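*Asks:* According to our numbering, the residues represented by the sequence shown are 158 to 1289, in order.
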Amino acid sequence: MKPDVFEQIIKAKPIQLTWKGNRNCFVLHEKSVYNALGNGSVSWKREDEKKSPYPLPTRFQLIFLPFDSHFVIDDGSSATLDQVAFIHFYFLFVSSVDEYRQVLPEFAEWFSQVRNSNFIIVFDSTRAKENKSRGHIMEKLKNDVQNHLNKIFEININKPGFSGAVLSTFTASLDKYSNNINSAVLTKRSEHDESGFSLISLINLEFNYCVFYWSLGLLESALEAMEEMVKMVNALLNEDSADVWLSKIRFPLNGSKCLILSESLHRNNLNESDSLLSIRAFLLAHQLFASIYVFEERKQKKLEDVATLNNLKNYFVTLLSRYGLETIEEVINDWRRLKLADDKLLLNYITIFWLEEIVSFLELIGDYLNSENAAKFIIQIYQLLIDSWEDLNTKKYSNKYNNWFESIQKPDESLTPLIHTLKFLRDDEMFVCYRETLKRGLEAMKTHGWKVYYTQNKWKRVKLLHDNGKLVDFRAELSEFLDCTYRVKMPVKWLLDVFKHLTVSFKGTVEKEPLFLIPIVLSQFIYQPTEDTFKRLKSLKRTDSIVLSNYNWRYNTDYPFKVRTVDQNVICKVATTFKFTVKLISNLPIPVKCNVKAVLCPLTEEHTISSHPLYKIRLDNGVAKVANVQKGITKSKWTSIIEKTMKTEGTVEAKRTNGTVVSPRINIMEFEAECKSPGLYTLNEVIVPVTPYDIFSMSYQHEMSLSHHLKPMLCACTLDRPVVKICNDDNVLFAGISQNLKFYVEFGKADSGEMNVSLVKEKGQLEFLNSDGKWAKDLKVKVKRSSEKEGSTVVTVGCCAKIDRMNYSAEGKCNILHKIKVEWMGNSFLFDLSFKSMLSIRTMTSILKDRILFEMDVERCDHFDHLLIVPILAKIENPDSEKENDKDVPKLLNPSLDPIPASATYRLIWQLPPNKEDQVHLDYSISLGYKIELATDSEVNDEMIKVISSRDYLFNDTIGFTAPNVEFEVCTRILTERPQTVICRSDHPCDLAVTLRALTDNTQTVIISIEADPNHWALNERFKVVPMKGSGLGQCSFQITPKATGFLPYPAVFVHRCNGTQSLVERDPNTVHTMLFGERVTHFNRSEAKQIHVLNGFASTDDSSSAKSTSSTGTKRSLRSQAKERLKMLFE
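#1: Here's a check: name, in chain order, each residue in its chain whose Cβ is nearer than 8 Å to the Cβ of aspartate 301, leaving out the five neighbours to either side.
#2: Applying the criterion that 16 or more other CB atoms from any shown protein chain within 10 Å of the CB defines a buried residue, is serine 398 buried or exposed?
#3: When the Cα of alanine 781 is compared with those of Tyr772, Gly789 and Ile852, which residue comes out closest?
#4: Buried or exposed for serine 994, please, with buried defined as at least 16 other CB atoms from any protein chain shown within 10 angstroms of its CB.
#5: Identify the continuous alpha helix (DSSP H) that holds histidine 443 and give its terminal residues.
#6: Per the DSSP calculation, threonine 981 is bridged to which residue(s)?
#7: Could you pull the DSSP bridge partners for asparagine 1113 from this structure?
#8: Between the C-alpha atoms of alanine 438 and leucine 422, what's the straight-line distance to the nearest angstrom?
#9: Between the segment 1199 to 1206 and the segment 1237 to 1253, can you find at least three pairs of beta-carbon atoms closer than 8 Å?
#10: Please name the residue in Asn428, Ile436 and Ala442 whose C-alpha comes closest to that of serine 419.
#11: Go through its chain and collect everything with a Cβ distance to leucine 1025's Cβ below 8 Å, but skip five positions before and after it.
#12: Rounded to whole angstroms, what's the CA-CA distance from isoleucine 1132 to glutamine 1196? Just pull it up for me.
#13: Assign alanine 732 to buried or exposed, taking buried as 16 or more other Cβ atoms, counted over all protein chains shown, within 10 Å of its Cβ.
#14: In three-state terms, what does DSSP make of proline 846?
#15: CA-CA distance, aspartate 1114 and phenylalanine 1011?
#16: Mind checking who tryptophan 176 pairs with in its DSSP beta bridge?
#17: Can you find the residues in the same chain that come closer than 6 Å, C-beta to C-beta, to methionine 386, ignoring five residues on each side of it along the sequence?
#18: State the DSSP-derived secondary structure class of asparagine 181, mapped to helix, strand or coil.
#19: For the segment 853 to 868 against the segment 713 to 725, do three or more pairs of beta-carbon atoms, one drawn from each stretch, fall closer than 8 Å, so that the two count as touching?
#20: Mind checking proline 686: buried by the 16 CB within 10 Å criterion, or exposed?
#21: Can you list, in chain order, the residues of its chain whose CB lies under 7 Å from that of threonine 690, leaving out five sequence neighbours each side?
#22: If you draw a straight line from the alpha carbon of threonine 1000 to that of serine 949, how long is it in whole angstroms?
#23: Could you tell me whether the segment 650 to 669 touches the segment 622 to 633, where touching means 3 or more Cβ pairs closer than 8 Å?
#24: Anyone know if the C-beta pair for histidine 769 and threonine 802 falls short of 9 Å?
#25: Would tryptophan 981 pass as a contact of isoleucine 1033 if the rule is Cβ separation under 9 Å?
#26: Do tyrosine 643 and leucine 757 have their C-beta atoms closer together than 9 Å?
#27: Among residues of its own chain, excluding the 5 on either side of proline 746, which ones have a beta-carbon nearer than 8 Å to its beta-carbon?
#28: Cα-Cα, which of His293, Lys333, Ser834 and Leu359 is closest to lysine 345?
#29: For proline 671, collect the residues of the same chain with a Cβ closer than 8 Å to its Cβ; drop the 5 residues on either side in sequence, then sort them by chain order.
#30: From the DSSP output, which residues share a beta bridge with lysine 754?
#31: Residues bridged to phenylalanine 925 by DSSP?
#32: Residues in its own chain within less than 7 Å of threonine 660 by CB, not counting five upstream and five downstream?
#33: Tell me, please, which residues DSSP counts as bridged to alanine 379.
#34: Taking C-alpha atoms, which residue in Asn304, Phe319, Trp402 and Ala322 lies nearest to serine 352?
#35: According to DSSP, valine 783 sits in a beta bridge with which residue or residues?
#36: Return the first residue and the last residue of the beta strand (DSSP E) that methionine 826 is part of.
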């Protein structure tokens, strides 16, 4: 499908075939030839696979022409496509030998002309068969053609092999023609260093190749051939030998009619009189033309796929734009190569014509302005158009090119007004064309975000409007242009030239508009801060000020001021003056006299936000793990945060006190301010008013985001009111010792007062030392200001926390907490005091026979090496018992009380009176009194000694425990096979002997049971009934077998009451399991935790065991009997 614009331009030519011979036969078999060639659709497999390794699907138009000798393709022939025929047919339709002889002269002449070409002889033998002369005619025909028998095809009703022969002959003819043109091109190229070389002849020859591809429907191959042709021309022009023949094509107006692309499309070849410029126009026009056809061909296949169709459009917009820009670039090189500097005006004309025509080609593809991929090329096209129009506006008209304009008779419709404008060069029409070109170019640059190009061409539009007196449009465009210079980082030198042009060339217009003059002069000062620009800035008359902030800096240069360091922490009181220092760097090369201010504002959450991402790192088993705790903030969001902090209410303004001049480089500025309300403030901004109307405001938060060494400057402002704080030097307070508690007291506006210290809970074990030297639960202290300048003092109070618990952690982790209340100047302050116990006290109880022992371990937990704790009282008593005799009073077994040094432990042991009743709960009161003395050679201040020695210390507590009565004493022993040893062997049985002694007069029968770990012992017997004798003794033995080696613990022994009699047991032994077991009896085991050494068993063989079985068995029995006898004697 061809675009409507190109309907009159036909590049494809029909593929020609020739015929000769009998016309009726030709008419009869013409359709067979068309069918054999697919009616113009053939798959062409080329001989040279390097050129095309795959078959090419061709589509072409076939035409039969009467034979003429000039249609024959000879070897080396480079004729055009309309001068050659690819197959020559001869149609023979005779019925006898005589008729054949009549046509033989014509046939012989034809055959002599085509014998070296591609031909086919078609013999229709229908009539010959009827006369039975077919064989004679074929024999004559074969004799006449001899070596070309394969070219003879007999056709009657059936046509076997005819279609294949026609197709193979046709493709062979295509290869031959292609090879001939290729060979001719190579030969022509090799002559480029000769004086008679013609570049135009070479291009015409190669263009035949393109027409050949085009006629076969191979549009993409034709486009590739054109690209190769352009590269070949550029390569030849860059050769040193080009100077020999370049003069023939030097004059640009030779062939001037065809310098327009739309005119060049109507040409099928070049004339020898054409110029190099005409050659460029011819090649570019056909490249664009072929590209449009290829696009339309691909477009028909992708109509339903929108995404692919858009990609296709983008690709061809890029392709056409690249063709045009590359050609324009080569033309500019040709202008330098041909030394045509005097014809620069013509170059501008050509650039405008060609680029406008390229734009019209792009419009055939679609909306080319929105093509992202081709944005670079589209903008370059419009930039070249704008530059060419600008160049034309600066040149005067010359009638040198009138003949060229007259020669353009049939221009493209889109170029008609353009040619009219260039021909007559009317100023107003030139202005309109230039303005419209700028408008289209600016629209494209704005669409694709080419801000620098947009700003530069915006300036050209401003100049154009001013030069043509369009002042209303000039003001609007100038306002937009100045806004662009703030948004786009343009080169400083270019900006200074523009501002200079505005203030000099447009002086009369700009000076009348303060809206334009003020930003221009201010920009000049920022980009070039000199005495002159500063003086001019101060001389401007205005009413409104301009605030220039560092976080929203719009100029393509560094902000002129920077904060280097500040004081980090300031503490002050309300309505009092405080001072701080800021180190400021000025990048202005001149000193500026102004009153610099610093603004502090209340600290808010926004002031803590950073613009950079924040990371935290921790080590885990040698692996560093990094976490991003805050993402980086976008510039727009960061700007909004800064703007919010700059509008914070309740700010404090600080004035500079050490001068009014901001010098170049480093300035150390001292500020002072006064807060009217309490709170936490931070430095928010530093203001430098260069002039009363030009104020540079630096956000300190933004400065911190640019420099990591800057830290927030905080100012804590508090009310001047009474304050009480605890300020002890030692972080740890101890219970069980007197010590000093220090209070930091601020007087506020008063000179003296009374401070009351008391416990929040009345039951708390904390006492204070009053002025009378007595210890009490509360305290009153009179405090007086030492001098008028001193607003605070330190009050020292003696305190002592008692040890009010029984057990404390040995590591000192269990602390005693007390809360105190301090009343001062009508205000109450609560403090939590944590005391670590000076003594760690642990108690335990042990029972031995009928004796109960109570043990108390006292451990020092303090670090006072210079102090000794001297016990003076250690007593335990039962408050409910009646003290009738000394046996009912607990007895201290170690009555000598020794001093306890630091980090030492002291044990006290009491024997409690025996308990006569079972399972009775006993309560005892414990008292431990002590005093604290200095160790020898200790250096302690007198104040501490006075507090410590001001009292004695007493620990009181009550403990309760249950003391059961012990009824039996148990003794166990293991008897082995060898009584003289105490060693067992694994897997060898032994006896566990158990002896009981009753500790009461009540004789009874008991059950002894044993338990053991099955991995250690195998128990053959688990319990036995033991009757107690009148002497209070009883014994039994159990057979046990060790199962492991090493030191094994004895099996556990338990005593139970027996609910039956011995006779009952003897009658029914099974009753032990069900009814005889009673409650477990408390007993004292003298062999508790005892162990026995077990060795591996004896290694033995079958022979040895059988030989010594009798003797060993007898020995074992005798030994065991001896052991039982000894055990019996032991029990008795």
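In this text, a Cβ means the ideal position worked out from N, Cα and C, and glycines have one as well.
Predicted model only: the values in this text are computed from it and were never measured.
*Replies:* The relevant details are as follows:
#1: Leu261, Phe264, Ala265 and Phe268
#2: exposed
#3: Tyr772
#4: buried
#5: 433 to 458
#6: According to the sequence displayed, residue 981 carries tryptophan and not threonine. Paired residue(s): Asn984.
#7: Ser1084
#8: 9 Å
#9: yes
#10: Ala442
#11: Pro1056, Ile1057, Pro1058, Ile1089, Glu1090, Leu1091 and Ala1092
#12: Looking at the sequence itself, residue 1132 is leucine, so the reference to isoleucine does not match. The alpha-carbon atoms of leucine 1132 and glutamine 1196 are separated by roughly 10 Å.
#13: exposed
#14: strand
#15: 14 Å
#16: Pro223 and Phe246
#17: Glu363
#18: helix
#19: yes
#20: buried
#21: Gln681 and Phe682
#22: 48 Å
#23: yes
#24: no
#25: no
#26: no
#27: Pro686, Thr687 and Pro821
#28: Leu359
#29: Leu697, Lys698 and Arg699
#30: Lys812 and Ile844
#31: Ala933 and Cys956
#32: Val667 and Ile677
#33: Beta-bridge pairing links alanine 379 to no other residue.
#34: Trp402
#35: Ile774
#36: 822 to 831
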